[in-house]
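Residue numbers 10 to 315, in the numbering used here, belong to the letters of the sequence shown in order. Worksheet for the structure shown next.
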Amino acid sequence: MTHFTKYQALGNDYVVIDPRDAAFEPTGQDALLLCDRNFGIGADGVLFGPIGPVHASRPVRLRIFNSDGSECEKSGNGIRIFALHVAARHLPGVREFTVRTLGGDSSVRIVDQSAGVVSVGMGGPCFDAAAVPMLGITGLAVEQPLLVDGRQLTVTALNLGNPHAVVLTEHPTRELACALGPLIAEHGRFPTRTNVQFLRVLDRRTIQIEVWERGAGYTLASGSSGCAATAVAHRLGQVDTGVEITVRMAGGEIGVTVAPDGTVTMTGSAEHVLSGTLAAALVARLGNHADQDAAVPHSEPAGVRA
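Have a look at this one:
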């Protein structure tokens, strides 16, 4: 039998497949099926891990898939969820360890296991256009003009393990994110696509964002997006250094701190929603991509996204 667990972090939900409980390693097509809310379990993404031996002194490996089947370099919410799973299942009593994803290593600290509170070191942002990547400019991708559907926008792009484009606005709404988010995410100047945040700075210790993810679409919350938006607000001198900034999202709040050296730490909660067993018929379709394509009318999974 193949077991799974499901968690949510501020409404951003993930299916966790532990290799100890599964006889397969999911592909992008498998993630499409598992995440489908009609034909599968339903989720914003799939977390597969821990891969290989688990030791507190070594990075714990994790693969992250988006709901569109693409593989993700880094997910702040996903890493918090995975940290809780590892701490409960594999490293009981261990409060600090490192999670390794395609986007690099992230240090995690279990702040409160019972409340599901985890702190994650997300690394430092890189605003260099070549690193995002963002085409059409050299140097820093800070406050750059971007023509979108006939509208001249100003965006600041960065890489924080995955690409982000932040737009400052006085009125961040779901409608705005759904209207402009996909156009920015798919813009030709972002050759690997980008996550998009619509940011309002409320005061020097509070910001509000709406999020469009390149691999999942509109989402109630995104840890990496909250960190990216805070890093941009800090870069522009609109929030303070070394104190926790409250990031408000549709699904709830996280705390983000930008250290004097520019590194970003995120703290937030997640919770276990359910555990279950995949039905034999569903397991039979995993890896059977011909049947899967007929059952789930989605586009092909593509590349590495976040």
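Heads up, the beta-carbon is just placed ideally off N, CA and C, and yes, glycines get one too.
Given a threshold of 16 other Cβ atoms within 10 Å of its Cβ, counted over all protein chains shown, does residue i qualify as buried or as exposed?
i       : result
His-94  : buried
Pro-62  : exposed
Phe-33  : exposed
Ala-268 : exposed
Val-176 : buried
Asp-114 : exposed
Arg-67  : exposed
Asp-22  : buried
Val-252 : exposed
Gly-159 : exposed
Leu-295 : buried
Ser-123 : exposed
Gly-54  : buried
Report the residue from the options whose alpha carbon sits nearest the alpha carbon of residue i.
i       : options                            : result
Ala-237 : Arg-109, Ile-263, Gly-226, Asp-39  : Ile-263
Arg-89  : Asn-47, Met-275, Pro-134, Arg-70   : Met-275
Ala-242 : Val-220, Glu-219, Ala-259, Arg-214 : Arg-214
Thr-182 : Phe-207, Asn-168, Thr-255, Pro-200 : Phe-207
Thr-163 : Glu-280, Glu-152, Ala-18           : Glu-152
Thr-286 : Phe-74, Gly-20, Val-205, Ile-26    : Ile-26
Ser-284 : Ile-50, Gly-260, Val-127           : Ile-50
Arg-98  : Gly-133, Leu-155, Gly-132, Ala-65  : Ala-65
Trp-325 : Gly-246, Pro-191, Leu-41           : Here the chain has residues from 10 to 315 only, and residue 325 is not among them.
Ala-188 : Asn-171, Val-157, Ile-218          : Val-157
Thr-228 : Ala-52, Tyr-16, Pro-35             : Ala-52
Ala-140 : Pro-200, Glu-253, Gly-85, Pro-35   : Pro-200
Val-129 : Met-143, Lys-83, Glu-280, Leu-41   : Lys-83
Gly-132 : Asn-171, Ala-124, Gly-148          : Asn-171
Gln-17  : Ala-186, Ser-233, Gly-125, Thr-147 : Gly-125
Ser-234 : Glu-280, Ser-116, Thr-255          : Thr-255
Arg-198 : His-173, Glu-219, Ser-116          : His-173
Val-205 : Leu-211, Leu-245, Arg-244, Leu-155 : Leu-155
Have a look at residue i and residue j and give me their C-alpha separation to the nearest angstrom.
i       : j       : result
Thr-178 : Ile-193 : 15 Å
Gly-271 : Asp-249 : 12 Å
Phe-317 : Glu-184 : Shown here, the chain extends from 10 to 315; a query on residue 317 therefore has no answer.
Gly-87  : Val-120 : 16 Å
His-196 : Gly-226 : 15 Å
Leu-59  : Pro-28  : Note on identity: in this sequence residue 59 is Pro, with Leu being the wrong assignment. Distance between the alpha carbons of Pro-59 and Pro-28 is about 7 Å.
Asp-39  : Val-292 : 10 Å
Arg-109 : Gln-217 : 29 Å
Thr-266 : Asp-77  : 31 Å
Pro-101 : Glu-80  : 28 Å
Thr-165 : Ala-230 : 20 Å
Arg-46  : Val-24  : 12 Å
Ala-303 : Ala-289 : Interpretation of Ala-303 is limited by its pLDDT of 42, a score under 50 that renders its predicted location unreliable; the figure taken from the coordinates is listed afterwards. If I take the Cα positions, the gap works out to 18 Å.
Gly-277 : Ala-150 : 28 Å
Met-143 : Arg-104 : 38 Å
Ile-73  : Gln-247 : 32 Å
Gly-145 : Gln-161 : 15 Å
Asn-75  : Pro-35  : 12 Å
Val-7   : Glu-219 : An answer regarding residue 7 cannot be provided, because it is not within the stretch 10 to 315 covered by the chain.
Ser-116 : Val-69  : 10 Å
What whole-angstrom Cβ distance do residue i and residue j have, given they're in contact under 8 Å?
i       : j       : result
Thr-7   : Ala-31  : The first residue shown for the chain is 10 and the last is 315, placing residue 7 beyond what the model contains.
Thr-239 : Arg-223 : At roughly 19 Å, the Cβ-Cβ gap does not stay under 8 Å, so Thr-239 and Arg-223 are not in contact.
Leu-56  : Phe-91  : 5 Å
Met-258 : Leu-43  : Not really, about 24 Å apart at Cβ, beyond 8 Å.
Phe-136 : Leu-167 : 5 Å
Gly-37  : Gly-232 : Not confirmed; about 22 Å, so no contact.
Pro-134 : Val-273 : 7 Å
Does chain C have any CB closer than 8 Å to the CB of residue i?
i       : result
Leu-283 : The displayed structure is made up of one protein chain only, and chain C is not part of it.
At 4 residues or longer, and completely inside the region 62 to 106: list those alpha helix (DSSP H) runs for me, N to C. 85 to 98
In chain order, which alpha helix (DSSP H) runs of at least 4 residues are fully inside the region 165 to 240? 183 to 194
Hey, which unbroken runs of the beta strand (DSSP E) at 3 residues or more fall wholly within the region 99 to 149? Fully enclosed beta strand (DSSP E) runs of 3 or longer: 105 to 110, 113 to 121, 126 to 132.
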